[in-house]
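Under our numbering, the residue at position 164 of the sequence shown is numbered 177, and the numbers go up by one with no gaps.
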Amino acid sequence: MAAVKACNVLITGANRGLGLEMVKQLSEKSCPKQHIFATCRDPDGPKSEALRELAKKHPSVITIIRLDADDPCSIKESAKKVGSLLGNNGLNLLVNNAAIVARGTIQTSSVEDMKNTFNTNVIGPLLIIREYLPYLQKAAKASGTPGMSCKKAAVINISTVAGSMTRMPSIYGFFPTLPYGVSKAGFNMLTVLASEELKADEILCMALHPGWVKTELGGEEAPLEPKESVEGMLRVICSLTEKQHGGFLDYTGETVTCRRGAHSGLHWSQRNQKTNVKLEEVETKSEEEWRTRDMMRRNQAPVGTRESVERMLLVIGSLSEKQHDGFLNYTGKIFLGKIRRTKTLH
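Structure representation (structure tokens):
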């Protein structure tokens, strides 16, 4: 396992599964100066016994902190406690690992499950990044080195292909977890937008997929043991630079694609060449887009409501099964959004 050289590390959801395994590997292979803040919802509860035993073995390295990702007050209090323990030092590595899974489909998912998964898997990590940002900024500033890395300051969001619009449809049939998938898609967007905000401070931010792992969440059928997954993730984390900032990699260092492919819209273009709907090529960053951005900055929308609705209705009227699950804009262009060109580590 590659040595992660971050001096101060905080891991959420550290009492079981991947979080516990990450604390274990870091505590056993870390440099002497490294300190790990292992957070969980109930440090004194039965589900945290293994973490407590691990902390007893490494009392100078591991500090257990109460942090409930579903409780804003708990997040704020944890940050205050960690800040007091850090003293004049910063936080080099924040690993957002805590998450919950709820099964369900359009017809069976409850409102409560949707709210709970979104609160824990999206809002919680957002608040955690916000509360710990001053300590990450302190670490980045104190490093005195250019670029981005985990030994300087980094936010690693443990995500999943269940939040990928490309990968999730193929596994949805045997893994019907709509609340979880929707929340993780939001989590991936949080990663992208957080990376935009954090780049000014040179704080690395990216998402990491651990693979399908034999944990309480992954189930016994999963092919990966937590040890193998975490070893891979730590190798990836150790190798990250600004080239992976805002990206999404798996535990082997391969890029995970989040957007849907362009096939639906391409079929749509071919099918409707003879209709009265004006269809254009795949949307790219053109002169028109830059002009639109400039108008948005000045709060001047480039398209009126009437024109937008008229053209959307033309598009809707021409749709068929070939556009099923696709994403078009009001002119019939394939809308891909901003594609992150993440550099794979291989």
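Beta carbons: idealized from backbone N, C-alpha and C, even for Gly.
Three-way DSSP call (helix, strand, coil) for residue i in this model
i	result
residue 318	helix
residue 228	coil
residue 211	helix
residue 117	strand
residue 205	helix
residue 17	coil
residue 261	strand
residue 79	strand
residue 134	helix
residue 104	coil
residue 237	strand
residue 341	strand
residue 332	coil
residue 74	coil
residue 269	coil
residue 253	coil
residue 286	Only weak support exists for where residue 286 lies, its pLDDT of 38 falling under 50; the coordinates are left without a value.
residue 276	At residue 276, the pLDDT of 39 sits below 50, so the modelled position is not reliable and the matter cannot be decided from this model.
Contact belief for residue i with residue j at Cβ below 8 Å, rounded distance in angstroms
i	j	result
residue 228	residue 245	Incorrect: roughly 15 Å between the Cβ atoms, too far for contact.
residue 223	residue 115	The Cβ separation is near 19 Å, so there is no contact.
residue 212	residue 258	6 Å
residue 189	residue 117	7 Å
residue 156	residue 253	That belief does not hold up - the Cβ atoms of residue 156 and residue 253 are roughly 15 Å apart, past 8 Å.
residue 243	residue 34	4 Å
Residue range of the unbroken alpha helix (DSSP H) whose run includes residue i
i	result
residue 127	124 to 131
residue 88	85 to 99
residue 60	Looking at the DSSP string, residue 60 is not in any alpha helix (DSSP H), and its letter there is neither H nor E.
residue 445	There is no way to answer for residue 445, as the model of the chain reaches only from 14 to 359.
Cβ neighbours of residue i in the same chain (closer than 7 Å, five flanking residues each side left out)
i	result
residue 200	134, 135, 138, 170, 172 and 176
residue 67	36, 37, 40 and 75
residue 99	21 and 148
residue 207	142, 168 and 218
residue 30	228, 229, 230 and 239
Where the beta strand (DSSP E) through residue i begins and ends
i	result
residue 220	217 to 222
residue 51	48 to 53
residue 168	167 to 171
Spatial neighbours of residue i in its chain, beta-carbon cut-off 8 Å, leaving aside the 5 residues before and after
i	result
residue 153	103, 165, 166, 214, 215 and 216
residue 88	80, 81, 82, 137, 140, 141 and 144
residue 56	28, 64, 65, 77, 78 and 79
residue 319	none
residue 70	40
C-beta neighbour in chain C for residue i, strict 8 Å
i	result
residue 335	This model lacks chain C altogether, as it is built from one protein chain only.
Own chain, CB closer than 6 Å to residue i, minus 5 neighbours either side, in chain order
i	result
residue 205	259
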